[in-house]
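Participant: Residue numbers (the UniProt record's numbering): 1 to 216.
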Ligand SMILES: [Zn+2]
């Protein structure tokens, strides 16, 4: 595989427990650094509810809850920036699925998405790419996990529990999120006028100069 290949595929993995998002040959784990703090938050919230309504003690307990909320939000944001910078360190181009986050939040995957602070991460990533001169583009998210990246045959819907992509047409087998990332990449490259084949033949010349302004 051409080395440039490695740098291109990014796709947030949907509601999946161990990977926050996926790149070819690099599965980043979602460390959930907040679990401990969230336990603490619950404890503090419980304390508030035990205090008498309108009492000073209740106000004090509530203030503690607010401070912790703020702390968690800050840690999360810093973590997202760190992650985004890491990606920009080794990627020339980043493609992400253009997910309809509002619809997702309503659906079954909502909790996972919100948990990982998904929308925020994508925003941070886009900002970070803009600052660092890394090409960023969102691509069509339709059927990314239902198409074989090797032969482009539609393989049908996968259950969330199916973690492996295995094509009945060409026999290509890989991690489900990696396969979806490849599809995102193929689409992203097509959108900027490159093909995976050009890439593997070393015809990939550079990052497209065209730049999208962050939609913030
Ligand atoms: Zn196939």
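Yeah, the Cβ is synthetic: ideal placement off N, Cα and C, and Gly gets one too.
Quick one: any contact between the region 162–182 and the region 141–154, if contact means 3 or more CB pairs under 8 Å?
Facilitator: yes
Participant: With three or more C-beta pairs closer than 8 Å as the rule, is the region 58–67 touching the region 42–50?
Facilitator: yes
Participant: Hey, is residue 185 close to ligand 1, as in C-beta under 7 Å from one of its heavy atoms?
Facilitator: no
Participant: Going by the CB atoms, is the gap between residue 129 and residue 85 shorter than 8 Å?
Facilitator: Not in contact: residue 85 and residue 129 (Cβ atoms no closer than 8 Å).
Participant: Go to residue 141, then tell me how far its alpha helix (DSSP H) extends in each direction, as first and last residue.
Facilitator: Element bounds for residue 141: n/a, residue is neither H nor E.
Participant: So the candidates are 156, 157, 158 and 135; which of them puts its Cα closest to the Cα of residue 217?
Facilitator: The requested residue 217 is not part of the displayed model; the chain covers only 1 to 216.
Participant: Could you spell out the range, first to last residue, of the beta strand (DSSP E) harbouring residue 166?
Facilitator: Where residue 166 is concerned, the enclosing beta strand (DSSP E) stretches over 164–166.
Participant: So, using beta-carbon positions, are residue 139 and residue 188 closer together than 8 Å?
Facilitator: The beta carbons of residue 139 and residue 188 sit closer together than 8 Å.
Participant: Taking 7 Å as the cut-off, is the C-beta of residue 169 nearer than that to any heavy atom in ligand 1?
Facilitator: yes
Participant: Can you tell me which of the three DSSP states residue 98 falls into?
Facilitator: Residue state for residue 98 is assigned as coil, using DSSP reduced to three classes.
Participant: Any heavy atom of ligand 1 closer than 7 Å to the Cβ of residue 144?
Facilitator: no
Participant: So the beta strand (DSSP E) residue 174 belongs to, where does it begin and stop?
Facilitator: 173–175
Participant: Where residue 143 and residue 56 are concerned, what is the direct C-alpha to C-alpha distance, given to the nearest angstrom?
Facilitator: 54 Å
Participant: Spatial neighbours of residue 70 within its chain, please: CB distance less than 7 Å, with the 5 preceding and 5 following residues excluded, ordered by chain position.
Facilitator: none
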